[in-house]
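Chemist: First, the structure itself, so that you have it in front of you.
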Amino acid sequence: MSFANLLIENHGPIRKIFVNRPDKLNALNAATLDELDRAFQDAGADPTVRVVILTGSGPKAFVAGADIAQMNALTPVQGRDFSKRGTDMMRRVELLGKPVIAMINGFALGGGLELAMCCHLRIAADTAKIGQPEINLGLVPGFGGTQRLLRLAGRAATLELCLLGAPISAQRGYELGIVHRVVPADALESTVEQIADQLAKAAPLAVRSILDCVLHGEEMPMSEALSYESTQFGLIFSTNDMREGTTAFLGKRAAEFKGE
2 MSFANLLIEN HGPIRKIFVN RPDKLNALNA ATLDELDRAF QDAGADPTVR VVILTGSGPK
62 AFVAGADIAQ MNALTPVQGR DFSKRGTDMM RRVELLGKPV IAMINGFALG GGLELAMCCH
122 LRIAADTAKI GQPEINLGLV PGFGGTQRLL RLAGRAATLE LCLLGAPISA QRGYELGIVH
182 RVVPADALES TVEQIADQLA KAAPLAVRSI LDCVLHGEEM PMSEALSYES TQFGLIFSTN
242 DMREGTTAFL GKRAAEFKGE
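Numbering-wise (the working numbering), the sequence shown opens with residue 2 and increments by one.
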């Protein structure tokens, strides 16, 4: 599968997806959103892929936002459709069933932060800046920014970032719970690869169940969420991986999970 705006690299069970528009700071236009949707659909369907790393090409940006030049000419209906295009793609990432790591190597603003927030883990360089600056353009976040920020960082932080529109440091993002880890820029890639390697060796069906429990459970009342977790816990006993993991533990050896 070839793309005009993405680069794809495979490293065993780890797939790297680069948004590759460095001359535009990797801004998301409609074509790039469509390519990301196809790339993640392919990653989800490929049984050899266990982990996805998402990042931006070039030294400056993860994704600096949506393509303002393209948005400037949109009608209200086209604007709604553009928003839905982005939210549908990001929901696909969120519900992929495989862990997706955002490697935030630079600016993650507007649509870029929204793209990072739909990933399951966010690792940022200490030089990165994040934010929702749409208010400065007379816009509102359109790819889930208000809702994912609300769930990650709470009402106060969401209103601060969305109403004031000022970028914040990666460290401040960590303090607010938006970013999982902040590391020196020169250690970003190796840190993310180490995490990806650990996840790639984990039991894929257990990983998927954990993602399902967290992502679906947060939308349920507690009693329903606990029941859902118990069901997932019971179902995992039907897997060969569960037998392998417990047997390996008892035998004091490393488990070899096959996703079965």
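All C-beta atoms in this analysis are idealised placements derived from N, C-alpha and C, irrespective of residue type, glycine included.
Which same chain residues, not among the five before or five after A204, have their C-beta less than 7 Å away from its C-beta?
Modeler: D242, G246 and F258
Chemist: With a cut-off of 8 Å, do at least 3 Cβ pairs link the segment 165-177 to the segment 11-23?
Modeler: Contact between the segment 165-177 and the segment 11-23 is absent, because fewer than three Cβ pairs lie under 8 Å.
Chemist: What would DSSP say about T56, mapped onto helix, strand or coil?
Modeler: It is a strand residue.
Chemist: Going straight from the alpha carbon of T33 to that of A207, what length do you get?
Modeler: 32 Å
Chemist: Return the CA-CA distance between L96 and A117, expressed in angstroms with no decimal places.
Modeler: Each residue's alpha carbon lies about 14 Å from the other.
Chemist: By a C-beta neighbour count over all protein chains shown, 10 Å radius and 16 as the cutoff for buried, is V215 buried or exposed?
Modeler: Its Cβ having fewer than 16 others within 10 Å, V215 is exposed.
Chemist: Please classify F234: does DSSP put it in a helix, a strand, or coil?
Modeler: helix
Chemist: To the nearest angstrom, how far is the alpha carbon of C120 from that of A249?
Modeler: 31 Å
Chemist: Specify the secondary structure class of S210 as computed by DSSP and reduced to three states.
Modeler: helix
Chemist: Quick test of your reading: G1 and G66, contact by CB under 8 Å. State the CB separation rounded to the nearest angstrom.
Modeler: The requested residue 1 does not occur in the structure, where the chain is confined to residues 2 to 261.
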